[in-house]
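> Throughout the sequence shown, residue numbering follows the numbering used here, covering 21 to 352 in sequence.
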Amino acid sequence: MPRGGPSGGDGGDGGDIIFEATSQENTLLRFRFDREFRGERGRHGEGSNKHGRSGEDLVLLVPAGTVIYDEETGEILADLAGSGERVVAVRGGRGGRGNARFAKPWHRAPKEFETGKLGEERRLRLELKLLADVGLVGFPNAGKSTLISRISAARPKIADYPFTTLAPNLGVVSADGTPFGRTFVVADLPGLIEGAHKGAGLGIQFLRHIERTRLVAHLVDVSEANPRDPVRDYEIIAGELKAFSEELAAKPVIVVATKLDAATSPEKCDELRAFAAARGLEIYAISAVSGEGVPELVRAMAQILDRLPKARREAEPERAAEPTSPEPSSTP
Ligand SMILES: Nc1nc2c(ncn2[C@@H]2O[C@H](COP(=O)(O)OP(=O)(O)OP(=O)(O)O)[C@@H](O)[C@H]2O)c(=O)[nH]1
Ligand SMILES: [Mg+2]
């Protein structure tokens with residue numbers, strides 16, 4: 021504005037895109053349909069020193085347990101484990117500076133201005149880690165799917181060939197057998213075999229789902245139908261878990277001897293019991309077909325879960341408060 025002095029206001033900032041974990045959401049389904057999101061754009065600055073309004077941030081709600089990856093680099097941007105955790109995933113642009121900023125006593129009618137910065141654009145991948153309390157692991161055919169179908173309303177495919185289960189199934193289990201009491205969630209996982217951590221069989225891609233379970237139930241077939249040695253079975257799978265991650269290997273575990281009804285001699289089961297006792301592991305023997313031992317197993321799972329810390333779904337406030345270590349000063 022000649023004579024009146026410079027009065028071009030700054031442009032507004034563009035809105036950021038923020039992901040926030042919430043217990044209100046259970047799936048990532050909405051992101052299957054809606055795939056492109058934009059933060060609100062900032063408004064232009066105007067004359068009379070009017071600054072443009074900044075765009076609103078866009079907050080996308082995701083279930084607790086969502087991991088956000090940068091699709092291009094594969095890098096983990098955020099691991100939103102607990103409700104309330106948030107991350108600014110994509111930054112909005114920065115508003116430019118109007119000419120009013122460039123006024124100096126000796127330069128009263130500046131025509132200069134500074135253009136804003138473009139906002140970021142990113143391709144992200146969202147992955148939801150299952151938040152089951154108990155993960156069922158074991159060789160193919162150990163009876164994992166049969167057990168979950170016995171103790172919950174889950175109805176996975178069951179068959180006498182290996183790798184019947186191709187993706188994890190979740191089932192809600194009632195701790196005391198009534199629909200009124202406490203419940204917990206069990207995950208039935210695809211079978212594992214020796215070398216799984218190097219990609220054999222279905223590999224161990226599914227094990228990342230049980231990294232957050234609180235308890236691992238390791239099923240071992242002690243019937244004559246299993247040509248292998250139960251103790252070896254246990255050690256092989258335990259070795260695969262360890263090769264996948266130390267964290268997984270360190271999880272509380274109970275041993276479940278399965279198919280008791282089809283075990284004509286008690287030897288295999290007894291060997292497994294002795295092995296578990298020597299290692300200080302709790303062991304339960306069941307038949308998912310006849311139901312023998314199943315209520316005891318469910319009760320034991322519930323009791324162990326009671327003693328263990330709660331799932332990370334219920335946020336960990338101390339994580340947010342974690343102090344960042346001070347940067348060592350580099351200036352002398
Ligand atoms: N007799 C007997 N057979 C069982 C029992 N539990 C499971 N089976 C049988 O064992 C076979 C395998 O059972 P699944 O439950 O599909 O085994 P899984 O561990 O889920 O197998 P994958 O999904 O391949 O890893 C099926 O033919 C079942 O009927 C049991 O308690 N007793
Ligand atoms: Mg199965």
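Every residue, glycine too, gets a C-beta built ideally from N, C-alpha and C. Quantities reported herein were computed from a predicted structural model and do not represent experimental measurements.
1) Do A305 and L280 have their C-beta atoms closer together than 7 Å?
2) DSSP three-state call for R128: helix, strand or coil?
3) Please determine whether the Cβ atom of T184 lies at a distance below 6 Å from any heavy atom of ligand 2.
4) Kindly give me the distance between the Cβ atoms of G28 and G62, rounded to whole angstroms, as I take these residues to be in contact under 8 Å.
5) For S165, is the beta carbon positioned less than 6 Å from some heavy atom of ligand 2?
6) How should D153 be labelled, buried or exposed, when 16 other C-beta atoms within 10 angstroms of its C-beta is the threshold for buried?
7) Is the Cβ-Cβ distance between N119 and P83 less than 7 Å?
8) Does the beta-carbon of N161, which I'm using as the reference point, lie nearer than 6 Å to any heavy atom of ligand 1?
9) Going by DSSP, what residue range makes up the alpha helix (DSSP H) through G155?
10) Looking at C-beta atoms only, is the number of pairs between the stretch 307-325 and the stretch 190-197 that lie closer than 8 Å three or more?
11) Just reading off the beta strand (DSSP E) that Y181 is part of, what are its end residues?
12) Helix or strand or just coil, what does DSSP make of H238?
13) Could you give the DSSP three-state label for N161: helix, strand or coil?
14) Can you tell me which of the three DSSP states L292 falls into?
15) If you draw a straight line from the C-alpha of Y254 to the C-alpha of D54, how long is it?
16) Below 6 Å, is the gap between the Cβ of K279 and the nearest heavy atom of ligand 1?
17) My parser needs the beta strand (DSSP E) runs of 3 or more residues fully inside the stretch 191-275; what are they?
18) Quick check: the Cα distance between I168 and K262, rounded to an integer number of angstroms?
19) Determine, using beta carbons only, whether V205 and L190 come nearer to each other than 7 Å.
According to the data block:
1) To locate residue 305, count along the sequence shown from 1; it is residue 285. To locate residue 280, count along the sequence shown from 1; it is residue 260. Yes, Cβ-Cβ distance for A305 and L280 is below 7 Å.
2) The residue given as residue 128 occupies position 108 in the sequence shown. R128: coil per DSSP, three-state reduction.
3) Taking the first residue of the sequence shown as position 1, residue 184 is located at position 164. Yes.
4) Sequence index remark: in the sequence shown, residue 28 carries index 8 (1-based). Sequence index remark: in the sequence shown, residue 62 carries index 42 (1-based). In fact, because the Cβ distance is near 15 Å, the residues do not count as touching under 8 Å.
5) To locate residue 165, count along the sequence shown from 1; it is residue 145. Yes - ligand 2 has a heavy atom lying nearer than 6 Å to the Cβ of S165.
6) Along the sequence shown, read from residue 1 onward, the residue named residue 153 stands at position 133. D153 is buried by the Cβ-count criterion.
7) In the sequence shown, the residue the question calls residue 119 occupies position 99. In the sequence shown, the residue the question calls residue 83 occupies position 63. Taking 7 Å as the Cβ cut-off, N119 and P83 do not qualify as a contacting pair.
8) Locating residue 161 in the sequence shown gives position 141, where the first residue counts as 1. Checking the Cβ of N161 against ligand 1 gives yes.
9) Translated into positions along the sequence shown, residue 155 becomes position 135. Judged by DSSP secondary structure, G155 falls outside any alpha helix (DSSP H) and instead within the beta strand (DSSP E) spanning 154-158.
10) Taking a contact to require three or more Cβ pairs closer than 8 Å, the stretch 307-325 and the stretch 190-197 qualify as touching.
11) Translated into positions along the sequence shown, residue 181 becomes position 161. If you look at Y181, you'll find it isn't in any beta strand (DSSP E); DSSP assigns it neither H nor E.
12) The residue you call residue 238 lines up with position 218 of the sequence shown. In this structure, H238 counts as strand in the three-state DSSP scheme.
13) Start at 1 with the first residue of the sequence shown, and residue 161 comes out as number 141. Note: N161 maps to coil in three-state DSSP.
14) By 1-based counting over the sequence shown, the position of residue 292 is 272. It is helical.
15) Position 234 of the sequence shown, counted from the start, is the residue given in the question as residue 254. Position 34 of the sequence shown, counted from the start, is the residue given in the question as residue 54. One C-alpha to the other measures close to 44 Å.
16) In the sequence shown, the residue the question calls residue 279 occupies position 259. At least one heavy atom of ligand 1 is nearer than 6 Å to the Cβ of K279, so yes.
17) Within the stretch 191-275, the runs of beta strand (DSSP E) at least 3 residues long that lie entirely inside it are, in chain order, 203-208, 235-241.
18) By 1-based counting over the sequence shown, the position of residue 168 is 148. By 1-based counting over the sequence shown, the position of residue 262 is 242. When rounded, the distance between both Cα atoms is 24 Å.
19) In the sequence shown, counting from the first residue as 1, residue 205 sits at position 185. In the sequence shown, counting from the first residue as 1, residue 190 sits at position 170. Closer than 7 Å, so yes.
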